[in-house]
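S.K.: Dropping the structure in here first, questions after.
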Amino acid sequence: MKTKADILAELMHPNPDHDFGGRVLKNYLSWEEAQPFLTKEEIAKVWVPDVQWLQKPLTREGIIADLDYFLEEIAWPKVKGHRSISASLNLVTVSAVLWILDDAAVCNAFEEAPYPMFGAPRLKVVSDAYGIDLPEGEGVQRQMLGKPCYRGCENCGDIEEGDV
Ligand SMILES: [Zn+2]
């Protein structure tokens with residue numbers, strides 16, 4: 002797993018290959034550590050650091066629990082809702098979490114999984130790897146296999162007849 006020092010180094014000198022945009026990483030810093038990496042707007046929102054800046058614990062259990070919540074409450078609903086921009090941004094968030102967890106096999110499987118539909122196959126890789134429940138529903142189960150949520154769904158996009 003990445004350490005606090007790794008996170009600070011990444012924020013100071015972002016690896017252009019990652020393209021996290023500083024997402025997620027700042028959550029694991031203290032208020033004092035995070036401030037150099039926050040925008041003026043983000044700083045202005047924090048009137049009482051103990052209340053408005055809640056540093057998350059940099060532990061494997063905590064990060065996987067956060068990932069579970071993120072997938073269930075944010076990422077999968079965007080897949081089901083065919084929200085393509087949100088879905089792709091959510092994959093960036095997941096990739097930042099994977100960078101912190103630093104499990105090479107999971108990172109590779111995540112990168113190699115196909116994107117359509119809306120990143121569902123990649124989210125499935127991560128869910129399976131960390132024992133996180135997959136969403137129920139035939140439509141989203143089909144999306145995990147790269148298929149439209151139902152045959153002919155225009156919002157899922159064009160797929161060759163033979164692939165459905
Ligand atoms: Zn669809």
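First residue of the sequence shown? That's 2 in this note's numbering, and the numbers climb one at a time after it.
By construction, the Cβ of each residue, glycine as well, lies at the ideal position given by its N, Cα and C atoms.
Exposed or buried, what is Asn-156 when buried is set at 16 or more other beta-carbons lying within 10 Å of its beta-carbon?
M.R.: Classification of Asn-156: exposed, given that the 10 Å Cβ count is below 16.
S.K.: Assuming the contact rule is C-beta atoms closer than 8 Å, Phe-111 and Gln-144 should be a hit. Round their C-beta distance to whole Å, please.
M.R.: Phe-111 to Gln-144, Cβ: 16 Å. No contact.
S.K.: Buried or exposed: where does Val-165 fall if 16 or more other Cβ atoms within 10 Å of its Cβ makes it buried?
M.R.: The predicted model places Val-165 with a pLDDT of 47, which falls under 50 and marks its position as unreliable; any figure quoted below should be read in that light. Exposed, since its Cβ has fewer than 16 Cβ neighbours within 10 Å.
S.K.: Anything with a beta carbon under 6 Å from a heavy atom of ligand 1 counts; list them all in chain order.
M.R.: Qualifying residues, in the order they occur: His-83, Pro-149, Cys-150, Cys-154, Asn-156, Cys-157.
S.K.: Thinking Gly-140 and Lys-81 are a contact (beta carbons under 8 Å), I'd like their distance in whole angstroms, please.
M.R.: Rounded, the Cβ-Cβ distance is 7 Å, consistent with contact.
S.K.: In chain order, what residues of the same chain have a beta carbon less than 6 Å from the beta carbon of Ala-6, not counting five sequence neighbours either side?
M.R.: Taken in chain order, the list of residues that qualify is empty.
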